[in-house]
């Protein structure tokens, strides 16, 4: 299934994308795509509905974040061998974990807000993993049983805040609008191999990232298992799994960063596309 949320910010309704690419309304059956509705039982209940009997949404308008009530937004740093190489960083011996504030979450096509005093706002196309069953000290062999599905994420980053202002990476990752997710949550049964998905990103029509999840250092099952050793994972938690090469920081002969008035487009095979326009913070 491709599950989604549509409508004005703060008033989104749950829906799904049918086989013809039409949006069907789920709100009579599901209050929101959060919590128990992301568990195996919740997804099974949604899957049992007669899709053709669900109301057709002729004009869905804005797509909201594809998951509501996210408790934790966990990110993995330097998880692509080719991205680590472009930044000059060594291959990590273990996954690098950091947190992104959930207040950064926004719809897939909402504007990206360049923060005040920002000089180095950057882009990162990433595969998002949505947790569907509580995970605590799970093995790699069992890890995928705790995954509800996948979504497209732009892990927008401010590199000066991240690396030059002291402390941890979180301050460079958490500005409002720095976490577009969606347009839909694709349940794991529709993704045959999360480690073989093409991914891309353009800025103003110029190709910047063109990679594949094949170059991940730590695959999805390893990441879910690893994170669960340090904190429990709950339904609706998101793990953003890292980015391939082509970020602004790594461009040669010198880095290129975002400024207001630009258009970012990105996508992952089978997970849809996003389009964002950059705007200045008020």
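In this note's numbering, the protein residues as written are 271 to 552.
Each residue gets a CB set at the ideal place from its N, CA and C atoms; glycine is no exception.
Can you tell me the Cα-Cα spacing of residue i and residue j, whole angstroms?
{"i": "residue 333", "j": "residue 549", "result": "19 angstroms"}
{"i": "residue 352", "j": "residue 446", "result": "29 angstroms"}
{"i": "residue 338", "j": "residue 442", "result": "23 angstroms"}
{"i": "residue 372", "j": "residue 350", "result": "24 angstroms"}
{"i": "residue 476", "j": "residue 552", "result": "27 angstroms"}
{"i": "residue 439", "j": "residue 314", "result": "37 angstroms"}
{"i": "residue 499", "j": "residue 412", "result": "13 angstroms"}
{"i": "residue 369", "j": "residue 423", "result": "14 angstroms"}
{"i": "residue 557", "j": "residue 357", "result": "The chain is shown from 271 up to 552; residue 557 falls before or after that span and cannot be answered."}
Go ahead and label residue i buried or exposed: buried means 16 or more other beta carbons lie within 10 angstroms of its beta carbon, across all protein chains shown.
{"i": "residue 395", "result": "buried"}
{"i": "residue 323", "result": "exposed"}
{"i": "residue 283", "result": "buried"}
{"i": "residue 300", "result": "buried"}
{"i": "residue 428", "result": "buried"}
Can the beta-carbon of residue i be found less than 8 angstroms from the beta-carbon of residue j?
{"i": "residue 493", "j": "residue 360", "result": "no"}
{"i": "residue 464", "j": "residue 397", "result": "yes"}
{"i": "residue 348", "j": "residue 456", "result": "no"}
{"i": "residue 391", "j": "residue 450", "result": "no"}
{"i": "residue 383", "j": "residue 510", "result": "no"}
{"i": "residue 495", "j": "residue 399", "result": "no"}
What residue from the options has the CA that sits closest to residue i's CA?
{"i": "residue 316", "options": "543, 273, 515, 438", "result": "273"}
{"i": "residue 515", "options": "406, 533, 531, 479", "result": "479"}
{"i": "residue 545", "options": "400, 471, 489, 482", "result": "471"}
{"i": "residue 433", "options": "388, 477, 419, 461", "result": "388"}
{"i": "residue 341", "options": "280, 521, 304", "result": "304"}
{"i": "residue 466", "options": "474, 485, 518, 279", "result": "485"}
{"i": "residue 491", "options": "331, 381, 458", "result": "458"}
Going by DSSP, what residues sit across from residue i in a beta bridge?
{"i": "residue 424", "result": "395"}
{"i": "residue 272", "result": "287, 456"}
{"i": "residue 333", "result": "276"}
{"i": "residue 480", "result": "470"}
{"i": "residue 547", "result": "533"}
Please find out if some non-hydrogen atom of the ligand GDP comes closer than 7 angstroms to the beta-carbon of residue i.
{"i": "residue 485", "result": "With respect to the ligand GDP, the structure shown offers nothing to examine, as it has no ligands at all."}
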